[in-house]
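So the sequence shown is numbered by numbering that gives the first Met the number 0: it starts at 0 and just counts up by one. Here a beta-carbon is modelled for each residue, glycine too, at the ideal position from N, C-alpha and C. Here's the structure we're looking at; comments come further down.
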Amino acid sequence: MASAPLLEIQAIAFERDDRTLFSDVSVCLAAGEIMQVSGPNGCGKTTLLHILATLKPPAHGQMLWRGDDIRADRFGYLADIAFIGHQPGLKLALSARENLIWCARLHGLPVSGKIDMALDRAGLSHCKDVPCSTLSAGQLRRVALAVLHLREALLWLLDEPLTALDHEGISELEAMFRSHLGEGGIIVFSSHQALSLAGVRNLPLTEYAASLN
0 MASAPLLEIQ AIAFERDDRT LFSDVSVCLA AGEIMQVSGP NGCGKTTLLH
50 ILATLKPPAH GQMLWRGDDI RADRFGYLAD IAFIGHQPGL KLALSARENL
100 IWCARLHGLP VSGKIDMALD RAGLSHCKDV PCSTLSAGQL RRVALAVLHL
150 REALLWLLDE PLTALDHEGI SELEAMFRSH LGEGGIIVFS SHQALSLAGV
200 RNLPLTEYAA SLN
């Protein structure tokens, strides 16, 4: 018997400058499922992730989490998700460790040895105490993704998480994905690159684009 969906996207549409960017996007995701949002730049991949993270409202449609409308308990939904945008969103004057401490306090998480564990697992043990302004783009991406080790979020929403990662970094990210999915988590991510993971569902957003004719 198939698992009941945890996340249901029902006929979502978004409008920008009096133009419909996409419409009728409907998807159901159950525990342990992963979906890649694909398409060219400008088709709305980031916008859809922002809608899922409740950073932007859809023009039409609704989203359900655990069977309930997200709008009925937005804060309960937000407690279950981790959103990482295309930009790392880090304070460059702070070190990687200090950024994770700041993030932990922001989310009311205990500041403990879990932070060092997260940085070590992200391959940052050798540079976790230097200012982020001195790190490479790939290292900054690793710091941002290390946040996923801090929070016990069920739903990961990741905008272009492969950006600036080298082959080793992508392999480590895939290992993170496998672990999260194996624990019943859900992942929605955007990327132009394909992952070497089994069972990745694809959402080609151009199929939901409004006709320009």
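Nearest CA to the CA of residue i: which residue from the options?
| i | options | result |
| --- | --- | --- |
| ASP16 | ASP165, PRO87 and ALA58 | ALA58 |
| GLU206 | LEU28, ILE33 and SER37 | SER37 |
| ARG96 | GLY122, ILE80, GLY60 and GLY75 | GLY122 |
| MET175 | LYS127, GLY137, SER124 and ALA117 | ALA117 |
| LEU147 | LEU5, GLY181, ALA103 and HIS125 | ALA103 |
| GLY88 | ASP158, GLY75, LEU47 and TRP64 | ASP158 |
| VAL142 | LEU156, LEU164, ARG70 and HIS49 | LEU164 |
| GLY41 | GLU151, GLN9 and PHE13 | PHE13 |
| GLU151 | ARG18, LEU77 and HIS49 | LEU77 |
| VAL26 | GLN86, ILE11, THR19 and SER2 | ILE11 |
| TRP155 | GLY112, HIS166 and GLY84 | GLY84 |
| ARG140 | ARG18, LYS113, ALA208 and LYS90 | LYS90 |
| TRP64 | LEU153, HIS125 and GLY181 | LEU153 |
Taking the alpha-carbon positions, what's the residue i to residue j distance?
| i | j | result |
| --- | --- | --- |
| ARG218 | SER190 | No answer is possible for residue 218: the residues shown for the chain start at 0 and end at 212. |
| THR133 | GLY31 | 37 Å |
| SER135 | GLU171 | 17 Å |
| ILE100 | ASP79 | 20 Å |
| ASN98 | ALA92 | 9 Å |
| LEU149 | LEU196 | 23 Å |
| ALA193 | PRO109 | 35 Å |
| ARG73 | GLU7 | 15 Å |
| LEU47 | LEU202 | 11 Å |
| HIS49 | ILE185 | 16 Å |
| SER2 | ALA71 | 23 Å |
| GLY112 | THR19 | 47 Å |
| GLU173 | ASP68 | 31 Å |
| THR45 | PRO39 | 11 Å |
| SER244 | GLY198 | The structure shown has nothing for residue 244, since the chain only spans 0 to 212. |
| VAL24 | HIS125 | 43 Å |
Could you tell me whether the Cβ atoms of residue i and residue j are closer together than 8 Å?
| i | j | result |
| --- | --- | --- |
| LEU144 | PRO130 | no |
| ALA52 | PHE82 | yes |
| VAL187 | MET34 | yes |
| GLY137 | GLY168 | yes |
| LEU204 | GLY66 | no |
| LEU54 | LEU28 | no |
| SER94 | ASP115 | no |
| GLN9 | GLY75 | no |
What I want to know is whether the C-beta of residue i ends up closer than 7 Å to one or more non-hydrogen atoms of the ligand ADP.
| i | result |
| --- | --- |
| SER170 | Among the components of this structure there are no ligands whatsoever, and the ligand ADP is therefore not found. |
Per DSSP, residue i is paired with what?
| i | result |
| --- | --- |
| THR19 | GLU14 |
| SER37 | PRO203 |
| ASP158 | SER189 |
| ALA208 | PHE21 |
| GLU7 | CYS27 and LEU63 |
Checklist entry - Along the chain, which unbroken stretches of the alpha helix (DSSP H) at least 4 residues long are found entirely within the segment 49–121? => result 73–77, 95–105 and 113–120
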